[in-house]
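Participant: One line per chain: the protein sequences are A and B, in this order.
Letter by letter, the first sequence follows residues 136 to 248 of my numbering.
Letter by letter, the second sequence follows residues 240 to 353 of my numbering.
Glycine included, every Cβ here is placed at the ideal spot set by N, Cα and C.
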Amino acid sequence: GNSVTQMEGPVTLSEEAFLTINCTYTATGYPSLFWYVQYPGEGLQLLLKATKADDKGSNKGFEATYRKETTSFHLEKGSVQVSDSAVYFCALISNSGYSTLTFGKGTMLLVSP
Amino acid sequence: DGGITQSPKYLFRKEGQNVTLSCEQNLNHDAMYWYRQDPGQGLRLIYYSQIVNDFQKGDIAEGYSVSREKKESFPLTVTSAQKNPTAFYLCASRGDSRPNYGYTFGSGTRLTVV
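Here you go:
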């Protein structure tokens with residue numbers, strides 16, 4: 136079956152620090168990969184996505200590269216801000232038959248001034 | 240603006256009572272989904288519907304029921320058979336079944352059993 140593994144949080148950083156949140160996956164076929172962000176008390180917002188190997192998704196300074204050889208989709212940002220404090224979810228949809236979105240457990244990011 | 244509306248934002252239920260969570264979308268999306276979120280567990284799929292008058296169980300359907308009588312609406316009923324219903328519930332929709340299309344989420348309903 137499909138599964139997503141994320142690094143456990145919370146990740147605590149100072150403002151302007153470099154961020155990496157690790158994500159690896161197991162899936163049938165060639166999945167599409169997503170990062171969603173959840174701010175406190177809210178639903179999920181799509182942050183970025185990549186649909187094939189070596190694709191790089193990017194948005195709001197965040198980036199992630201689809202690495203088929205290592206089955207990974209790590210999220211990075213060069214300089215975090217306090218406003219980036221949120222929970223980040225890695226997720227996938229397999230291209231094998233009808234597939235629903237499978238999520239990792241989420242990683243909380245806390246950025247201090 | 241198009242989007243997904245979940246209501247109410249907070250809901251309190253007494254043990255033994257059924258309760259229905261509302262999810263309405265004006266995105267003209269065919270597929271709709273219900274997820275449950277618990278701290279440290281991520282999101283788990285309860286039910287989904289690919290088209291009106293059709294729905295399938297997800298990974299944790301026991302104690303829940305749904306209906307899909309209209310394209311815009313996908314209400315979730317949490318029954319008294321659900322042993323641990325206190326959680327954050329998220330509704331989502333998708334307009335295209337191809338894998339590269341993600342989901343649009345509502346803002347969630349927090350259900351507390353008192």
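Could you check how far apart the C-beta atoms of A/K184 and A/S207 are, in whole angstroms? I think they sit under 8 Å.
Facilitator: About 15 Å separates the two Cβ atoms, so there is no contact after all.
Participant: Is A/S218 helix, strand or coil by DSSP?
Facilitator: Assignment of A/S218 by DSSP, reduced to helix, strand and coil, places it in the helix class.
Participant: Along chain A, which residues have their Cβ under 7 Å away from the Cβ of B/L260?
Facilitator: Within 7 Å Cβ-Cβ: nothing; B/L260 doesn't reach chain A, min ~13 Å.
Participant: On the DSSP bridge list, what partners appear for B/L329?
Facilitator: B/Y274
Participant: Once DSSP output is grouped into helix, strand and coil, what is the label at B/V352?
Facilitator: strand
Participant: When we look at the beta-carbon of B/Y342 and count the other beta-carbons within 10 Å, is it buried (16 or more) or exposed?
Facilitator: buried
Participant: Using Cβ-Cβ distances below 9 Å, what residues of the segment 165-183 of chain A are close to chain B?
Facilitator: Y165, P166, S167, F169, Y171, Q173, G176, E177, G178, L179, Q180 and L181
Participant: Between B/L250 and chain A, is any beta-carbon pair separated by less than 9 Å?
Facilitator: No, its Cβ sits nowhere closer than 9 Å to a Cβ of chain A.
Participant: Run through chain A and tell me which residues come within less than 8 Å of B/Q280, C-beta to C-beta.
Facilitator: K240
Participant: Cα-Cα, which of B/Y287, B/Y340, B/Q276 and B/R252 is closest to A/K181?
Facilitator: In the sequence under discussion, the amino acid at residue 181 of chain A is Leu, which differs from the Lys named in the question. If we check each option's Cα against that of A/L181, B/Y340 comes out closest.
Participant: Between A/K233 and chain B, is there a C-beta pair that is closer than 9 Å?
Facilitator: In the sequence on display, residue 233 of chain A carries Tyr and not Lys. Yes, because at least one Cβ of chain B sits closer than 9 Å to the Cβ of A/Y233.
Participant: Would you say B/L329 lies against chain A (beta-carbon separation less than 9 Å)?
Facilitator: yes
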